[in-house]
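Line order of the protein sequences matches chains W and C. Going by my numbering, the first residue of the first sequence is number 121, and it counts up by one from there. Going by my numbering, the first residue of the second sequence is number 1008, and it counts up by one from there. Yeah, the Cβ is synthetic: ideal placement off N, Cα and C, and Gly gets one too.
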Amino acid sequence: MIRSITKPKSKEEIDTLLKGLNRIFIIGCGTCVTLTRTGGAPEVAAMKEALLESGKLVTGHVVVPVACDNLTSEILNEEMEKIEQADVLLIMTCAFGVQTVSSQLKRMVVPALDTLFIGKETAYGQFNEICTQCGTCIIGETGGICPVTNCHKGLVNGPCGGTNQGKCEIDNNKDCAWTLIYNRLTELGRLDSMRKLQGPRNFLGEPTPGKYQISKS
Amino acid sequence: MISSFKKSLDSGKFIVTCEVAPPKGINLEKTAHHIDLLKDKVDAMNLTDHQSSVMRYPSLGGALMVKEMGGEPILQMTCRDRNRLALQGDLLFAASRGINNVLCLTGDSVMLGDHKTAKGVFDLDSSQLLAAIRILEKGKDLGGNDLDGSPVFCAGAIVTPEANPIEPQLIKFEKKIEAGAEFIQTQAVYDLVRLKTFMEYARQFPVKILAGILLLTSAPMARFMNKNIAGVNVPQTLIDEISQAPKGGAIVKGIEIAGRMIRTIHTEKICDGVHIMAIGKEELVPDIMAAADLTS
Ligand code: SF4
Ligand code: SF4
Chain W
121 MIRSITKPKS
131 KEEIDTLLKG
141 LNRIFIIGCG
151 TCVTLTRTGG
161 APEVAAMKEA
171 LLESGKLVTG
181 HVVVPVACDN
191 LTSEILNEEM
201 EKIEQADVLL
211 IMTCAFGVQT
221 VSSQLKRMVV
231 PALDTLFIGK
241 ETAYGQFNEI
251 CTQCGTCIIG
261 ETGGICPVTN
271 CHKGLVNGPC
281 GGTNQGKCEI
291 DNNKDCAWTL
301 IYNRLTELGR
311 LDSMRKLQGP
321 RNFLGEPTPG
331 KYQISKS
Chain C
1008 MISSFKKSLD
1018 SGKFIVTCEV
1028 APPKGINLEK
1038 TAHHIDLLKD
1048 KVDAMNLTDH
1058 QSSVMRYPSL
1068 GGALMVKEMG
1078 GEPILQMTCR
1088 DRNRLALQGD
1098 LLFAASRGIN
1108 NVLCLTGDSV
1118 MLGDHKTAKG
1128 VFDLDSSQLL
1138 AAIRILEKGK
1148 DLGGNDLDGS
1158 PVFCAGAIVT
1168 PEANPIEPQL
1178 IKFEKKIEAG
1188 AEFIQTQAVY
1198 DLVRLKTFME
1208 YARQFPVKIL
1218 AGILLLTSAP
1228 MARFMNKNIA
1238 GVNVPQTLID
1248 EISQAPKGGA
1258 IVKGIEIAGR
1268 MIRTIHTEKI
1278 CDGVHIMAIG
1288 KEELVPDIMA
1298 AADLTS
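Okay, here's the thing in structure tokens:
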């Protein structure tokens, strides 16, 4: 299942964002951030403790089941009294959740997490980015491995000069996408597709901000 | 206009190119000194483009200096910092000022340099940049529009003959030639047996190959490269040779080793020429050439 992968912002950054805002309501989420242990019930409880210690007042807290869902506002309505006592909502969900809450309640929000990527759990406790939703999918020619995402530079014609022993120039713990693609295409007997000179990519398959409307025919 | 470097490549003579790094800042004295020293000794000199993702005076500015001082520049262009509009625009500018040799590179990640949070562009890659050059020469741009006055270039690229695994690297090498590379400067090579093996394969392609010769300045520097630079393997015998040099004599030894390698490549006709990289010690290039019995 795809997940929104987050990491906590530093204490310093949160302190700066909360400067002058003393009454705080905390919102966590029971889905992705619970899985990554960045915004589930234990993390919300720890945040509450940390805020109290630094002299803030916590008017309340809640862990909603799926923060990015349109039903979130109904759950938050039940907490409205405590929310209204707060100067700010400190939101420990991914940025989809932060924006959902912000657009529903139209209140001051501060994200407590950085949203890193949309990824999947590939091993216990390990999450990897495998598709960046580029809008012009090319993995039919790369053995089902995405170079747009897996190659640090998004190269579509083979490896750069920095590839070393099958690893990427930015990190010896990251596989070079083009070694993976080469190996996969070799296994499949389809190396010819790697030999094809690919033209410049279309970077605007769907211009940002993407939108999609089901046609009403 | 056919560049003098292109003419040298076509003449069949043994080619020597070297590298000049533009300064960090606008004090151009040292760069000018290196250009002055080398411009009549080598067939052309490469101007590095924010090498290792370290921001410097641009390669285009350095290439213009070489041109104005009467030398022959090879403009290095990476795809890291410019999208296809900026790359094409800079190519037009280069051609308009008599800079007609270009080395096309993908470019290192910005994470390796001194502006680690910058955006890496990589709108094109090295092979697509080569293809773009050939399109500009036909009077079109990458958008399919007509140019008013089209440029002529001698375009090149790089290869790492000792990459591991080598096969993906060779596929990319063949694509670069297909895209229009006329010359190739290799990553630093030290093992001439492996270079010969690579050349037996590479000879089938219509491209001139210049072996990368990187001056060894000390045993720790050699070990550092083995550990940190992709596709560079300094054999233990060379590391031993340089560590046995008398105190203060490591550089002299490095010059001797580089000279010896170039002489072998030349006399045994292993490659079409050499590309000498003396990283920061460009003033030693004439000594290396002398040690290789090469006269300008
Ligand atoms: S090419 Fe890669 S990033 Fe683009 S849609 Fe396909 S898998 Fe996703
Ligand atoms: S080493 Fe491989 S994955 Fe990393 S940037 Fe180069 S080609 Fe891409």
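Answer with buried or exposed for residue i, where buried requires no fewer than 16 other C-beta atoms within 10 angstroms of its C-beta.
i                 : result
Arg1210 (chain C) : exposed
Lys1260 (chain C) : buried
Met200 (chain W)  : exposed
Gln285 (chain W)  : exposed
Arg321 (chain W)  : buried
His1122 (chain C) : exposed
Thr1224 (chain C) : buried
Ile265 (chain W)  : buried
Lys316 (chain W)  : exposed
Cys257 (chain W)  : exposed
His1040 (chain C) : exposed
Arg1091 (chain C) : buried
Thr1204 (chain C) : exposed
For residue i, does the three-state DSSP call read helix, strand or coil?
i                 : result
Arg1210 (chain C) : coil
Val1292 (chain C) : helix
Ala1265 (chain C) : helix
Val1128 (chain C) : coil
Asn277 (chain W)  : coil
Lys1182 (chain C) : helix
Phe1231 (chain C) : helix
Ala1051 (chain C) : strand
Ala1298 (chain C) : helix
Lys1215 (chain C) : strand
His181 (chain W)  : strand
Phe1100 (chain C) : helix
Lys1037 (chain C) : helix
Val1166 (chain C) : strand
Glu1189 (chain C) : coil
Asn197 (chain W)  : helix
Phe1012 (chain C) : helix
Lys1276 (chain C) : coil
Phe1205 (chain C) : helix
Pull up the CB-CB distance for residue i and residue j, whole angstroms please, since I reckon it's below 8 Å.
i                 : j                 : result
Ile1216 (chain C) : Gly1187 (chain C) : The Cβ separation is near 16 Å, so there is no contact.
Asp234 (chain W)  : Thr126 (chain W)  : 6 Å
Lys1147 (chain C) : Ala1164 (chain C) : That belief does not hold up - the Cβ atoms of Lys1147 (chain C) and Ala1164 (chain C) are roughly 21 Å apart, past 8 Å.
Asp1050 (chain C) : Ser1015 (chain C) : 4 Å
Leu1082 (chain C) : Ser1066 (chain C) : 6 Å
Ala1162 (chain C) : Leu1137 (chain C) : 5 Å
Ala1195 (chain C) : Gly1219 (chain C) : 5 Å
Pro1242 (chain C) : Asp1198 (chain C) : 6 Å
Ala1257 (chain C) : Thr1167 (chain C) : With a Cβ gap of about 26 Å, Ala1257 (chain C) and Thr1167 (chain C) do not count as contacting.
Look at residue i and residue j and say whether their C-beta atoms are less than 8 Å apart.
i                 : j                 : result
Gln1176 (chain C) : Pro279 (chain W)  : yes
Val1117 (chain C) : Met1084 (chain C) : no
Met1296 (chain C) : Lys1048 (chain C) : yes
Ile147 (chain W)  : Ala206 (chain W)  : no
Val1128 (chain C) : Asp1088 (chain C) : yes
Cys214 (chain W)  : Cys152 (chain W)  : yes
Leu1119 (chain C) : Glu204 (chain W)  : no
Thr1024 (chain C) : Lys273 (chain W)  : no
Ala1229 (chain C) : Pro1158 (chain C) : no
Ser1018 (chain C) : Glu1079 (chain C) : no
Gln1095 (chain C) : Leu1143 (chain C) : yes
Pro231 (chain W)  : Val221 (chain W)  : no
Ser1060 (chain C) : Asp1115 (chain C) : yes
Glu1248 (chain C) : Ile1264 (chain C) : yes
Closer than 7 Å, Cβ to any Cβ of chain W: which residues of the region 1184-1205 of chain C, in chain order? Only Glu1185, Ala1186 and Gln1194 from the region 1184-1205 of chain C bring a Cβ to less than 7 Å from some Cβ of chain W.
Residues, ordered as in the chain, of the region 236-258 of chain W that lie near chain C by beta-carbon distance below 7 Å: Hits within the stretch: zero.
Counting only Cβ-Cβ distances shorter than 8 Å, please list the residues of the region 258-292 of chain W near chain C, keeping chain order. His272, Lys273, Gly274, Leu275, Val276, Asn277, Gly278, Pro279, Cys280, Gly281, Gly282, Thr283, Asn284, Gln285, Gly286, Glu289 and Ile290
Listed from N- to C-terminal order along the chain, which residues in the region 1149-1174 of chain C have their beta-carbon within a distance smaller than 9 Å of any beta-carbon of chain W? Leu1149, Ile1165, Val1166, Thr1167, Ala1170, Asn1171, Pro1172 and Glu1174
Check distances from the C-beta atoms of the region 314-335 of chain W to those of chain C and list, in chain order, the residues that come in under 9 Å. Met314, Arg315, Lys316, Leu317, Gln318, Gly319, Pro320, Arg321 and Phe323
Could you run through the region 1105-1119 of chain C and flag, in chain order, every residue whose CB is less than 9 Å away from some CB of chain W? Leu1112, Thr1113, Gly1114, Asp1115, Ser1116, Met1118 and Leu1119
Going along the chain, which residues of the region 298-309 of chain W sit with their C-beta nearer than 9 Å to a C-beta in chain C? Correct list: Trp298, Thr299, Ile301, Tyr302, Asn303 and Thr306.
What residues from the region 1070-1103 of chain C come within 7 Å of chain W, judged by C-beta to C-beta, listed N to C? Residues are counted here when their Cβ sits less than 7 Å from a Cβ of chain W; for the region 1070-1103 of chain C these are Arg1091, given in chain order.
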